[in-house]
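Residue numbers (our numbering): 22 to 128.
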């Protein structure tokens, strides 16, 4: 079971990035920054409005997805892919709960 969990899907050749893998690593870094910015936005909105504590779950999910992208810069394993899927599911499900408190908002 451990072999399946740690099976590599993508290897970047980290730290010496080879070939076109610098694009993959750079994209994951930019994506991580975006997810972390989303987390910061949700926390700032909660500080201003304090409509639901579920925003902490929403922000935490964005934070975890950003961290997973930073980990993905070193390579993608089956375990990391499953973790990312779980966090994405948390983002999608918590989005509905949070946006019900902000009917005028798009995010």
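Even for Gly, the Cβ is constructed at its ideal location relative to N, Cα and C. Just so we're clear, the structure is a prediction, and the values are computed from it rather than from any experiment.
Beta-carbon proximity check, residue 89 vs residue 111, cutoff 7 Å: Along the chain shown, read from residue 1 onward, the residue named residue 89 stands at position 68. Along the chain shown, read from residue 1 onward, the residue named residue 111 stands at position 90. Cβ distance not < 7 Å, so residue 89 and residue 111 don't count as in contact.
Candidates 44, 76, 91 and 96, of which the one nearest residue 113 by Cα: Position 92 of the chain shown, counting from 1, holds the residue named residue 113. Measuring from the Cα of residue 113, the nearest candidate turns out to be 76.
Residues sharing a beta bridge with residue 96, DSSP: On the chain shown, position 75 is the one that residue 96 refers to. Its beta-bridge partners are 32.
Endpoints, alpha helix (DSSP H) assigned at residue 69: Residue 69 sits at position 48 when you count from the first residue of the chain shown. Taken as a continuous stretch (DSSP letters only), the alpha helix (DSSP H) holding residue 69 covers 42-70.
Three-state secondary structure (DSSP) of residue 90: As a first step, residue 90 is located in the chain shown; it is residue number 69 there, counting from the start. Looking at residue 90 - three-state DSSP - the assignment turns out to be helix.
Where residue 63 falls, given that 16 or more other Cβ within 10 Å makes a residue buried: Sequence index remark: in the chain shown, residue 63 carries index 42 (1-based). Residue 63 comes out buried.
Neighbourhood of residue 73 by C-beta distance below 6 Å, restricted to the same chain and skipping five residues each side: Sequence index remark: in the chain shown, residue 73 carries index 52 (1-based). So the list reads 122, once near-sequence residues are dropped.
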